[in-house]
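Peer 1:
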Amino acid sequence: MKKYQIIYADCPWRYDFSKKTADTIEVHYPTMSLEEICALKIPSDDNAVLYLWATAPKLLEALEVIKAWGFTYKTNAMWDKGRVGIGYWFLGQHELLLVATKGKISPPKDIERISSVIKEKKTEHSKKPTYIRDMISKWYPDKNKLELFARPDPQMRLDGTNTFDGWDIFGNEVKSDIKLK
Numbered sequence: 001m002k003k004y005q006i007i008y009a010d011c012p013w014r015y016d017f018s019k020k021t022a023d024t025i026e027v028h029y030p031t032m033s034l035e036e037i038c039a040l041k042i043p044s045d046d047n048a049v050l051y052l053w054a055t056a057p058k059l060l061e062a063l064e065v066i067k068a069w070g071f072t073y074k075t076n077a078m079w080d081k082g083r084v085g086i087g088y089w090f091l092g093q094h095e096l097l098l099v100a101t102k103g104k105i106s107p108p109k110d111i112e113r114i115s116s117v118i119k120e121k122k123t124e125h126s127k128k129p130t131y132i133r134d135m136i137s138k139w140y141p142d143k144n145k146l147e148l149f150a151r152p153d154p155q156m157r158l159d160g161t162n163t164f165d166g167w168d169i170f171g172n173e174v175k176s177d178i179k180l181k
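So the sequence shown is numbered by full-length UniProt numbering: it starts at 1 and just counts up by one.
Below is the structure:
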């Protein structure tokens with residue numbers, strides 16, 4: 001099986017704390033429990049970096065996923081979506097992009113590093129800034145890259161086929177390049 005040095009994941013988190021919130025999310029796509037996400041056999045290389053999206057309420061669960069997938073947390077960036085959304089304690093306006101590694105893999109070169117605050121207006125539900133995937137491609141041009149839980153993107157063909165150069169994709173809304181157990 002092909003191994004990946006770069007894993008870029010936007011897990012379909014299940015929100016059980018609020019029936020109203022959970023129903024809203026389920027309408028967009030099927031979600032997974034923490035146990036289901038942790039149990040996935042991710043085909044990562046012994047030397048790899050994980051970029052994992054998480055909302056603030058899912059931070060602790062995201063850290064559990066990092067550990068379950070064999071990675072060690074390093075740092076994070078914050079995406080300021082430019083408008084408020086839903087929330088229980090605060091109305092969420094940001095998401096976290098957690099960075100974790102295993103083995104030996106270099107961070108981006110000094111001159112290529114970006115701010116930890118990503119300011120890009122949210123467009124549609126769960127769509128992440130394409131800028132991040134583009135930067136990861138620039139940082140690691142020769143590494144095997146996998147986007148987990150990929151969603152349709154204007155850069156893809158109309159049938160959901162992957163057109164991202166150097167990337168494989170997996171998700172229930174696209175034609176996956178791999179199968180996960």
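Just so it is clear, CB atoms sit at the ideal spot from N, CA and C, and this is done for glycine as well.
This structure is a prediction, so every number in the text was calculated from the model and none was measured.
Relative to the C-alpha of H94, which residue among V84, W13, N47, K179 is closest?
Peer 2: Closest option to H94, Cα to Cα, is V84.
Peer 1: Over the uninterrupted beta strand (DSSP E) stretch that includes Y51, give me the two end residues.
Peer 2: Taken as a continuous stretch (DSSP letters only), the beta strand (DSSP E) holding Y51 covers 44 to 54.
Peer 1: Would you tell me roughly how many angstroms separate the C-alpha atoms of A56 and W13, rounded to the nearest one?
Peer 2: Going from the Cα of A56 to the Cα of W13 covers about 12 Å.
Peer 1: DSSP three-state call for I178: helix, strand or coil?
Peer 2: Coil at I178, not helix or strand.
Peer 1: Pull up the distance between the alpha-carbon of D146 and that of P129, whole angstroms please.
Peer 2: Before going on, a small fix: residue 146 reads as Leu here, not Asp. The straight-line gap from Cα to Cα measures roughly 16 Å.
Peer 1: Let me know if K58 comes out buried or exposed under the rule of 16 or more other beta-carbons within 10 Å of its beta-carbon.
Peer 2: It is buried - the Cβ of K58 has at least 16 other Cβ atoms within 10 Å.
Peer 1: Among residues of its own chain, excluding the 5 on either side of I111, which ones have a beta-carbon nearer than 8 Å to its beta-carbon?
Peer 2: Excluding positions up to five away in sequence, the list is empty.
Peer 1: Given this structure, state the Cα-to-Cα distance separating G171 from C11, to the nearest angstrom.
Peer 2: Between G171 and C11, the C-alpha separation is close to 10 Å.
Peer 1: Once you ignore the five residues that flank L96 on each side, which residues in its own chain have a CB closer than 8 Å to its CB?
Peer 2: Excluding residues within five positions, the ones whose Cβ falls inside 8 Å are W53, A54, T55, A56, L59, A62, N76, A77, M78, W79.
Peer 1: State the beta-bridge partners of I169 as determined by DSSP.
Peer 2: In the DSSP output, where bridge partners are listed per residue, I169 has E147.
Peer 1: Go ahead and pull the three-state DSSP assignment for E120.
Peer 2: It is coil, neither helix nor strand.
Peer 1: Going along the chain, which unbroken runs of the beta strand (DSSP E) with 3 or more residues stay wholly within the region 84 to 108?
Peer 2: Taking only runs of at least 3 residues, the beta strand (DSSP E) segments lying wholly in the region 84 to 108 are 94 to 102.
Peer 1: With burial defined as no fewer than 16 other Cβ atoms inside 10 Å of the residue's Cβ, what is the status of R113: buried or exposed?
Peer 2: The residue is exposed, with fewer than 16 neighbouring Cβ atoms inside 10 Å.
Peer 1: Should V65 be labelled buried (16 or more other beta-carbon atoms within 10 Å of its own) or exposed?
Peer 2: V65 comes out buried.
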